[in-house]
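> Please see the structure below; I have some questions.
Number of protein chains: 2
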Amino acid sequence: MTSSGHAMRAVITTLRVLETVAELQPVGVSAIARATGIPKSSVHRCLVTLREADWLTSSSTDRTQWVLTGRALSVGIHASVEGGLREAALPTMHRLRDATHETIHLLSYSGDQGLVVVDRLDSDEPVRTWVHLGARVPMHASCSGRAVLAHLPDDEVDRLLSGELERFSENTPADKQSVVEDLVRVRESGYATNDRAWRPGVGAVGAPLLDKDGRPLGALAVSVPIQRYDEARAVELGALAVDAARRIGANLRSA
Amino acid sequence: MTSSGHAMRAVITTLRVLETVAELQPVGVSAIARATGIPKSSVHRCLVTLREADWLTSSSTDRTQWVLTGRALSVGIHASVEGGLREAALPTMHRLRDATHETIHLLSYSGDQGLVVVDRLDSDEPVRTWVHLGARVPMHASCSGRAVLAHLPDDEVDRLLSGELERFSENTPADKQSVVEDLVRVRESGYATNDRAWRPGVGAVGAPLLDKDGRPLGALAVSVPIQRYDEARAVELGALAVDAARRIGANLRSA
DNA sequence: GGTACATGTTCCATCTTACGGAACGGGAGC
DNA sequence: GCTCCCGTTCCGTAAGATGGAACATGTACC
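Going line by line, the protein sequences match chains A and B. This note's numbering runs 2 ahead of the 1-based position in the first sequence. This note's numbering runs 2 ahead of the 1-based position in the second sequence.
Structure (structure tokens):
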């Protein structure tokens, strides 16, 4: 719990403020202070500093409101290049999209941050489904989440599934037990499925992206509006996704 | 030049370090110190701090290399929601993609940061072109850049075009003069064109996204491999892009 | 083997500067 | 009028950021 100790307190708190602005923007000083527990005057100093660094701008009406600038984006976007994941994945993702005509999501798993949507190629069908770039997806309710879980050590699975599992629909797995049972099936078939367990009207299949040691770096998912989704389609898409994920894994290994 | 004065020095330098990591990752301490001019030990402290805040991880091989985590992404992504640009634009972008079958880019203009690619819908053609999400595109060499320039006040145009204009190809406008002349044509037609002036083998047309006061918030661009690009196609795509951009502008106004 | 120059990391004395409670100015609403 | 909440400013104290120098380790050249 001591963490590494000698880190710069000012920076840590300022980053907390920045993250809070990202969540709540547009937002004022007091709201941030309330959300973080940091004294108002300190929050104010952080905000001014972040404005000077051009990460925030204060939309100056009567009540000063704070929002992110483009800098946050142009820095953040580079995160997805982590390990060349996107470069390694894009060509294969394109082929997968063209083969399925459905929306393909690339997700990066980064331990503490959970699963984040890093890139998306979307369907050319008139009815499509998508998730925001940068969205964090639930480990227990999404197929990508369970695809990753299936290849994590038991203690990490325990940690990720500890606490309340949010219920998004009646198809959301209700407890840790049922998720863990599903993981066996995922390991057997190579992919996980999701029938409206997270977002209403959306089915999906997900395959894990594994590094050379078998650790999951992320996942590849094919999302489908429910009217184009049934068990047969899931099997078909699953096979394609697994194959694509394997190719991407091979790309990563050779890099 | 005094800047606003009482900002926290530690935070400013740490953010500089963070931005440098984003540019150069994966990168080591010394390289950052060289790039920024900050003493090595200070850089090191910043890095440790950023790791504790979970913005960076040190890919611990023999030579310690630093990379961004998913947190940078999940914060940065919120920036593009600024004004709901993406939400307002996506449906129309989809229609534009389906009408053109080419890659569509959405760019956000944020003053100091220049033009940043915020989202992309890609072509379903086998030969496609695209720019990385988060990439900063040059104002003088890209069609999006000139589309935005055409609707900025003169002094801001001056500022953006001051200094050396980087030459990417023989089609890149060589000097400020020729760029400014082009802007007249852009204002007349409503869109800017780009015939291999920036990236080799890529043609494009771009239309500005204007808020209710006529200030450019960004641009919409259609990128085409040069074999599918000629003057007639540019006119056709230009009309579509202008129409789409107008619709998006209307969406923004009503929000 | 040896020299030279990379790299990342640790230490510590100096003195800059972040901290946060308290007070201020102003708008909104019973 | 009063009260409540807002954003902002002030300031003495004490916490902690700073960066040069030294260390450990690896690589390149001969």
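Using N, Cα and C, we set each Cβ at its ideal position, and we do this for glycine too. Note that this is a predicted model, so its numbers are computed, not measured.
For B:G220, which of helix, strand or coil comes out of DSSP?
Three-state DSSP puts B:G220 in a strand.
> Could you check where the alpha helix (DSSP H) with B:R122 kicks off and where it finishes?
No alpha helix (DSSP H) contains B:R122, which is instead part of the beta strand (DSSP E) from 117 to 123.
> Sort out for me which residues DSSP pairs A:T105 with in a bridge.
Partner(s): A:S225.
> Would you mind telling me which residues of chain B sit closer than 7 Å to A:S76, beta carbon to beta carbon, in chain order?
Q115, V118, G136, R138
> Compute the Euclidean distance between the alpha carbons of A:G216 and A:A152, then round it to the nearest angstrom.
11 Å
> Would you list the one or two residues that DSSP bridges to A:Y111?
A:L117
> Closest by CA to B:G205, which one among B:L222, B:P227, B:T66, B:S180?
Proximity to B:G205 across B:L222, B:P227, B:T66, B:S180 peaks at B:P227, based on C-alpha coordinates.
> Starting from B:G30, trace the alpha helix (DSSP H) in both directions and tell me its first and last residue.
Per DSSP, B:G30 belongs to no alpha helix (DSSP H) and is neither H nor E.
> DSSP three-state call for B:G192: helix, strand or coil?
coil
> I believe A:P23 touches B:T16 by the beta-carbon criterion, under 8 Å. Please report the beta-carbon distance rounded to the nearest angstrom.
What sits at residue 23 of chain A in the sequence shown is Val, not Pro. The pair is not a contact, with the Cβ atoms about 17 Å apart (cut-off 8 Å).
> As an exercise, report each continuous beta strand (DSSP E) stretch of at least 3 residues that is fully enclosed by the segment 40 to 64 of chain B, in chain order.
Within the segment 40 to 64 of chain B, the beta strand (DSSP E) runs of at least 3 residues that lie entirely inside it are, in chain order, 58 to 62.
> Whole angstroms are fine: how far does the CA of A:C145 sit from the CA of A:A221?
9 Å
> Contact criterion: CB-CB distance below 8 Å. Does A:R47 meet it with respect to chain B?
yes
> Threshold first: 4 residues or longer. Then list the alpha helix (DSSP H) segments lying entirely within the segment 123 to 179 of chain B, N to C.
145 to 151, 156 to 163
> Would you call the segment 90 to 99 of chain A in contact with the segment 239 to 248 of chain A, where contact means no fewer than 3 C-beta pairs closer than 8 Å?
yes
> Specify, as a first and last residue, the run of the beta strand (DSSP E) that A:G205 falls within.
204 to 212
> Any Cβ of chain A within less than 8 Å of the Cβ of B:E238?
Residue contact check for B:E238 against chain A: no CB pair falls below 8 Å.
> Return helix, strand or coil for B:D184, following the three-state DSSP convention.
helix
> Helix, strand or coil for A:T38 per DSSP?
DSSP, read as helix, strand or coil, puts A:T38 in helix.
> When you compare only the Cα positions, how much space is there between A:R169 and A:W200?
8 Å
> In three-state DSSP terms, what is A:T71?
Assignment of A:T71 by DSSP, reduced to helix, strand and coil, places it in the coil class.
> Using the rule of at least 16 other Cβ atoms within 10 Å of the residue's Cβ for burial, across every protein chain shown, is B:Q179 buried or exposed?
exposed
> Less than 8 Å between the beta carbons of B:P28 and B:W68, yes or no?
Cβ distance < 8 Å, so B:P28 and B:W68 count as in contact.
> Put A:D100 into one of helix, strand or coil per three-state DSSP.
helix
> Is the distance from the Cβ of B:L52 to the Cβ of B:L75 below 8 Å?
The Cβ-Cβ distance between B:L52 and B:L75 does not fall below 8 Å.
> Terminal residues of the continuous alpha helix (DSSP H) containing B:I14?
11 to 26
> Report the three-state DSSP secondary structure of B:D2 (helix, strand or coil).
No answer is possible for residue 2 of chain B: it lies beyond the span of chain B, which begins at 3 and ends at 257.
> Quick check: A:V119 and A:L98, are their CB atoms within less than 8 Å of each other?
no
> Give the interface partners of B:Q179 over in chain A, defined as CB-CB distance under 8 Å, in chain order.
Those within 8 Å of B:Q179 in chain A number zero; the least Cβ separation is about 28 Å.
> Alpha carbon to alpha carbon, how far is B:V31 from A:D184? Give it in angstroms, no decimals.
44 Å
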